[in-house]
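Peer 1: Quick note on my numbering: the sequence shown kicks off at 1 and runs consecutively.
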Amino acid sequence: EKGPKSSELSYLVFYTTSKPAKLTKVGAFIERRVVRDRKKKLSDVHCSLEIIKTLIQNNKAHLNIFSKNIVSIIDALLVDISDLDIVRHCQNVFSCFCAAHDGSTLGVDLEFRTIYDRVVARFAVIATHKGGDNSNR
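The structure is reproduced here in structure tokens:
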């Protein structure tokens, strides 16, 4: 099965919505996994990005608890833009994040703001990248 297993994902969503404080633990765990898997297990990275997107959609009220993990994951993945599938998936997750995030932590948490600004800058570079093949943009 490609992507996260639906029964396990449903349990994780239930776990985080019933105990929002656990989003810190879950976010840190997924961040460690993505950093470890990004160079060799791209299918696991895609799975992790799907999990993050689902958690964003189901925990909008508590998004600030793990927002730093989300942007850190995307930032780490956008260091290497050679895999366009990963870049597109990051864009999809970041769009979902931006739609759900109220921006309140941008003025409070300097580290989060720095990472967030770097992610936006990375996407700007990707959007203006002048490669040989423009059909993939």
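Quick reminder that beta carbons are idealized off the backbone N, C-alpha and C, glycines included.
What beta strand (DSSP E) runs, 3 residues minimum, are completely inside the segment 18-56?
Peer 2: Runs found: none.
Peer 1: Go ahead and pull the three-state DSSP assignment for Lys60.
Peer 2: Start at 1 with the first residue of the sequence shown, and residue 60 comes out as number 60. Three-state result, Lys60: helix.
Peer 1: Where does Leu63 land, buried or exposed, given buried means 16+ other C-beta within 10 angstroms?
Peer 2: Taking the first residue of the sequence shown as position 1, residue 63 is located at position 63. With 16 or more Cβ atoms within 10 Å of its Cβ, Leu63 is classed as buried.
Peer 1: In three-state terms, what does DSSP make of Ser95?
Peer 2: On the sequence shown, position 95 is the one that residue 95 refers to. Helix, per DSSP.
Peer 1: From Gln91 to Val26, what distance separates their C-alpha atoms?
Peer 2: As a first step, residue 91 is located in the sequence shown; it is residue number 91 there, counting from the start. As a first step, residue 26 is located in the sequence shown; it is residue number 26 there, counting from the start. C-alpha separation (whole angstroms): 21 angstroms.
Peer 1: Keeping to the same chain, check which residues put their C-beta closer than 7 angstroms to that of Glu50; ignore five residues upstream and five downstream.
Peer 2: For the purposes of this step, residue 50 is taken as the residue at position 50 of the sequence shown. Gly3, Pro4, listed in sequence order.
Peer 1: Across the segment 79-86 and the segment 107-118, are there enough close Cβ pairs to call them in contact, namely three or more that are closer than 8 angstroms?
Peer 2: No, because fewer than three Cβ pairs between the segment 79-86 and the segment 107-118 fall closer than 8 angstroms, the two stretches do not touch.
Peer 1: Take Ala121 as the anchor and find which of Val71, Cys96, Gly107 has the nearest alpha-carbon.
Peer 2: On the sequence shown, position 121 is the one that residue 121 refers to. Looking at the Cα atoms, Val71 is the closest of the given residues.
Peer 1: For the alpha helix (DSSP H) that Ile126 lies in, which residues bound it at each end?
Peer 2: Taking the sequence shown and counting its residues from 1, one reaches residue 126 at position 126. Note, Ile126: alpha helix (DSSP H), 110-128.
Peer 1: Rounded to the nearest angstrom, what separates Arg33 and His46 at their Cα positions?
Peer 2: Reading the sequence shown from its first residue, position 33 is the one you call residue 33. Reading the sequence shown from its first residue, position 46 is the one you call residue 46. Straight-line Cα distance between these residues: approximately 11 angstroms.
Peer 1: May I have the straight-line CA-CA distance separating Lys22 from Cys98, to the nearest angstrom?
Peer 2: Looking up residue 22 in the sequence shown gives position 22. Looking up residue 98 in the sequence shown gives position 98. Their backbone Cα atoms lie some 21 angstroms apart in a straight line.
Peer 1: Taking just the CA atoms, how far does Phe29 sit from Ala124?
Peer 2: Residue numbering aside, residue 124 sits at position 124 when the sequence shown is read from its first letter. Residue numbering aside, residue 29 sits at position 29 when the sequence shown is read from its first letter. C-alpha separation (whole angstroms): 28 angstroms.
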